[in-house]
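Visitor: Just so it is clear: in the sequence shown, position 365 is 365 by the UniProt record's numbering, and no numbers are missing.
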Amino acid sequence: MLTALRSKTAGWVAKFFVAILAASFAVWGVSDVFTGYRSDVIATVGDHEIPAETFTTTFNQRIRAASQQTGKLITPDEARQMGLDRQVLGQLVQQAALEEQGRRLGLAVPDDAVAERIVSNPSFQNAQGQFDRQGFIRLLQANGLSEAGYVELERARLLRASVASAVDRELTVPEVLAKAVFTHRNATRSGRYFTLPQDAAGEVAAPSEEDVKAYYDSHKRDFTAPEFRTLALLKLQPSDLVDTVSVSDEALKSAYEARKEQFTVPEKRRVLQIPFPSEEEAAAARERIANGEAFTAVAEERGLTETDYGLGLVTRDGIPDATLAEAAFALGKDEVSQPVKGRLSTVLLTVTEIQPGSVEPFDAVRDDLEKALKLERAKDEILDVHDRIEDERASGATLHEIAQSVDLPLIQVDAIDRAGNGPDGQPIRNIPAKEEVVSLAFESDVGVENDPVPTPEEGFVWVDVIDVVPETVKPLDQVHDEAVEKLTAERRREQLRDRAQALAKRANEGASLDELAAEIGATVGDIGPLNRTETAPGFGSAAVAALFRGAIDSATSTYDETTGSFLVIEPTREADPAYSPGSEQARALARVLRTNIGDDLFGQYMLDLEDTLGVEINNELWPRLSGQQS
1 MLTALRSKTA GWVAKFFVAI LAASFAVWGV SDVFTGYRSD VIATVGDHEI
51 PAETFTTTFN QRIRAASQQT GKLITPDEAR QMGLDRQVLG QLVQQAALEE
101 QGRRLGLAVP DDAVAERIVS NPSFQNAQGQ FDRQGFIRLL QANGLSEAGY
151 VELERARLLR ASVASAVDRE LTVPEVLAKA VFTHRNATRS GRYFTLPQDA
201 AGEVAAPSEE DVKAYYDSHK RDFTAPEFRT LALLKLQPSD LVDTVSVSDE
251 ALKSAYEARK EQFTVPEKRR VLQIPFPSEE EAAAARERIA NGEAFTAVAE
301 ERGLTETDYG LGLVTRDGIP DATLAEAAFA LGKDEVSQPV KGRLSTVLLT
351 VTEIQPGSVE PFDAVRDDLE KALKLERAKD EILDVHDRIE DERASGATLH
401 EIAQSVDLPL IQVDAIDRAG NGPDGQPIRN IPAKEEVVSL AFESDVGVEN
451 DPVPTPEEGF VWVDVIDVVP ETVKPLDQVH DEAVEKLTAE RRREQLRDRA
501 QALAKRANEG ASLDELAAEI GATVGDIGPL NRTETAPGFG SAAVAALFRG
551 AIDSATSTYD ETTGSFLVIE PTREADPAYS PGSEQARALA RVLRTNIGDD
601 LFGQYMLDLE DTLGVEINNE LWPRLSGQQS
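(1) Does DSSP put residue 614 in a helix, a strand or coil?
(2) Provide the residue span of the alpha helix (DSSP H) that contains residue 135, from first to last.
(3) Can you give me the C-alpha to C-alpha distance between residue 319 and residue 325, rounded to a whole angstrom?
(4) Comparing the C-beta of residue 366 with each C-beta of chain D, is any distance below 8 Å?
(5) DSSP on residue 430, reduced to helix/strand/coil?
(6) Taking 8 Å as the cut-off, does the region 252-259 touch the region 279-293 (at least 3 CB pairs, one atom from each stretch)?
(7) From this set, 370, 197, 528, which residue's C-alpha is nearest residue 517's C-alpha?
(8) If you drop the 5 nearest sequence neighbours on each side, which residues of the same chain put their C-beta closer than 7 Å to that of residue 294?
(9) Please state the DSSP three-state secondary structure of residue 48.
(10) Between residue 354 and residue 269, how many whole angstroms is the CB-CB distance? I'm expecting something under 8 Å.
(11) Is the number of C-beta pairs between the region 340-347 and the region 263-277 that are closer than 8 Å three or more?
(12) Are residue 500 and residue 548 close, meaning C-beta to C-beta below 8 Å?
(13) Could you pull the DSSP bridge partners for residue 571 from this structure?
(14) With 16 other CB atoms within 10 Å as the buried threshold, where does residue 328 fall?
(15) Check each candidate in 416, 584, 436, 437 and name the one with the smallest Cα separation from residue 428.
(16) Can you tell me whether residue 404 is buried or exposed, with buried defined as 16 or more other CB within 10 angstroms of its CB?
(17) Would you list the residues sitting across from residue 696 in a DSSP beta bridge?
(18) Once the 5 residues before and after residue 409 are set aside, which same chain residues still bring their CB inside 6 Å of it?
(19) Measuring straight from C-alpha to C-alpha, what distance separates residue 222 and residue 483?
(20) Find out if the Cβ-Cβ distance for the pair residue 185, residue 532 is shorter than 8 Å.
(21) For residue 104, count neighbouring C-beta atoms within 10 Å of its own C-beta (all shown protein chains included) and say buried if the count is 16 or more, exposed if not.
(22) Give me the Cα-Cα distance between residue 446 and residue 468, rounded to the nearest whole angstrom.
(23) In chain order, which beta strand (DSSP E) runs of at least 3 residues are fully inside the region 336-371?
(24) Nearest to residue 624 by CA position, among 52, 352, 48, is which residue?
(25) Could you give the distance in angstroms between the alpha-carbon of residue 579 and the alpha-carbon of residue 180?
(26) Cβ of residue 393 within 8 Å of Cβ of residue 406?
(27) Which same chain residues, not among the five before or five after residue 301, have their C-beta less than 7 Å away from its C-beta?
(28) Terminal residues of the continuous beta strand (DSSP E) containing residue 631?
(29) Note down, in chain order, each residue of its chain lying with its Cβ closer than 8 Å to the Cβ of residue 227, except the 5 sequence neighbours on either side.
(30) Who are the Cβ neighbours of residue 20 in its own chain at under 6 Å, not counting the five residues just before and after it?
(31) Since I believe residue 373 is in contact with residue 669 (beta carbons under 8 Å), could you give me their beta-carbon distance rounded to a whole number of angstroms?
(32) Buried or exposed, going by whether 16 or more other CB atoms sit within 10 Å of the CB of residue 526?
(33) According to DSSP, is residue 76 helix, strand or coil?
(34) So, using beta-carbon positions, are residue 232 and residue 412 closer together than 8 Å?
(35) If we count the other Cβ atoms within 10 Å of its Cβ and call it buried at 16 or more, is residue 27 buried or exposed?
(36) Going by beta-carbon coordinates alone, are residue 378 and residue 242 separated by less than 8 Å?
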């Protein structure tokens with residue numbers, strides 16, 4: 001499919017497909033029209049069918065992407081509670097609707113456009129920015145895609161983009177809207193406030209045993225030990241195969257010659273230049289220098305500073321103008337060039353320092369070069385070993401048996417929770433592609449044969465769940481002191497909240513903020529001016545929201561999440577910003593508004609398009625796929 005594209009050796013990015021399949025257009029809800037349909041089709045849009053397998057694959061990839069973005073492992077159940085399953089279904093329906101509309105409009109994406117998109121994708125390029133066909137194929141294979149299949153995925157993406165981009169192409173933002181939003185966002189308030197100290201809560205009575213028991217019973221989730229799983233992991237990385245690879249001296253020497261630039265330190269020169277408006281003026285200045293005047297004196301006579309005429313210590317490639325670079329690197333030390341006509345002006349050049357280039361000899365880089373070649377060859381052998389492992393799994397061999405057969409390390413994980421921690425609460429280390437491995441382990445079950453997880457090092461990890469220890473509620477006698485501490489802290493917060501509300505009420509009845517603060521041993525401070533998006537130390541977003549909540553000189557109380565304290569706040573001044581339509585700030589806001597309005601328009605367009613095309617959801621299959629039925 002892409003056989004004419006250039007190929008070079010380079011690494012590949014295994015996580016690419018999480019992003020490419022998870023990132024799409026914004027998602028709107030799906031019409032709640034549920035009808036029966038084929039058992040392997042989750043939805044139809046017009047004549048376009050969405051296979052159930054597509055939903056399942058995309059849903060799992062979205063879970064992994066969300067886990068990576070949040071830094072927390074998200075379970076399928078948690079994803080469903082977040083509505084991620086409906087978002088994925090909405091995304092797939094939206095994509096299908098755009099593709100169906102594109103076909104009905106007679107749109108088509110030419111092969112050249114698809115090829116250009118693939119070749120220019122950084123995920124398929126080597127360190128030199130060139131398309132790496134070998135890495136491209138490895139990445140597709142690792143993610144279970146054929147070249148032809150991926151080409152069609154890209155063709156569909158381009159088709160969807162063609163339809164979608166037409167919706168808001170001529171959109172403009174009304175000036176009155178831009179000004180109103182600008183004023184709301186940039187209006188500022190100042191005020192006075194004080195923070196309640198912890199002892200302002202007064203005495204917190206020790207809870208009775210009945211209270212502790214009741215708190216424990218209503219907060220059992222806080223005292224629950226997580227589910228743990230025992231895992232067997234078979235790791236296949238290029239580094240695991242390096243010792244099985246040999247490289248001849250002939251191959252090393254050939255690679256050295258081919259990569260000599262990597263071992264070369266280029267010559268550097270400290271170059272000075274004086275620009276002139278004409279060749280005649282440059283020649284006259286050169287004659288003066290030849291007669292004994294200093295090069296720098298001539299430069300300074302023309303109003304140039306050292307920063308202006310000094311190019312620094314540069315390599316040949318460090319001089320943007322190739323003509324000037326060629327001339328500068330042809331000079332001897334302290335020699336002055338003839339007038340050189342560059343792209344922008346005619347210049348005189350001189351070189352005050354030369355640092356010769358050097359090439360590391362073969363013997364000096366031999367060991368590092370051998371390691372690099374072995375690693376490259378090991379990467380080429382990865383898929384062969386991968387296929388051998390898959391064949392042995394298909395024949396019924398355990399990961400333990402396969403590890404011995406292929407002489408690879410087997411990692412035993414005695415107990416790990418969904419967060420990747422052990423029973424002691426500490427992270428378990430030395431698990432390759434840890435987030436993806438743990439996520440897969442908790443999606444799977446004992447006896448289930450899972451697909452291998454690609455690793456960033458261009459390898460794979462096979463995961464077997466050996467045992468499952470369900471989450472358990474710790475008995476009260478084991479967590480009694482913790483329960484007392486949590487209950488006491490909760491009551492202290494409640495008493496502080498009530499005290500803060502009472503103080504704010506008294507302020508609004510005429511008491512001064514200074515008197516109220518002194519009453520509890522606090523100090524009144526000034527805050528602002530702040531706009532709605534700004535914060536200050538000890539004055540977080542909730543406090544800023546409270547500053548803007550009421551009228552000027554009207555006190556309110558709030559809880560500040562940054563300090564864990566309650567505050568009483570009294571806004572004293574408000575100022576609206578000056579609005580200039582041509583300012584960079586106003587133009588930036590207009591761009592944001594255009595995007596937001598465009599998203600709204602696109603959402604309305606999609607609702608109408610889906611209604612026109614007709615969306616049908618398989619009401620027998622959806623509950624099973626979405627986890628509503630086990």
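For glycine and all other residues, C-beta sits at the position ideal for the given N, C-alpha and C.
Guide: If we stick to the structure as given:
(1) coil
(2) 133-142
(3) 5 Å
(4) Among the chains in the structure shown there is no chain D, since it carries only a single protein chain.
(5) coil
(6) no
(7) 197
(8) none
(9) strand
(10) 5 Å
(11) yes
(12) no
(13) Among the bridge pairs identified by DSSP, residue 571 is matched with 191.
(14) buried
(15) 416
(16) By the neighbour-count rule (16 or more Cβ atoms within 10 Å), residue 404 is not buried but exposed.
(17) This structure cannot settle anything about residue 696, because the visible part of the chain is limited to 1 through 630.
(18) 235
(19) Between residue 222 and residue 483, the C-alpha separation is close to 9 Å.
(20) Yes, Cβ-Cβ distance for residue 185 and residue 532 is below 8 Å.
(21) exposed
(22) 7 Å
(23) 346-355
(24) Nearest of 52, 352, 48 to residue 624, Cα basis: 52.
(25) Approximately 10 Å, taken between the alpha carbons.
(26) no
(27) none
(28) This structure cannot speak to residue 631, because the chain is shown only from 1 to 630.
(29) 417, 418, 442, 468, 469, 470, 471
(30) Interpretation of residue 20 is limited by its pLDDT of 37, a score under 50 that renders its predicted location unreliable; no figure is taken from the coordinates.
(31) Shown here, the chain extends from 1 to 630; a query on residue 669 therefore has no answer.
(32) exposed
(33) helix
(34) Taking 8 Å as the Cβ cut-off, residue 232 and residue 412 qualify as a contacting pair.
(35) Confidence at residue 27 is low in this model, with a pLDDT of 33, below 50, so its placement is unreliable and the value that follows should be read with caution. With 16 or more other Cβ atoms within 10 Å, it is buried.
(36) yes
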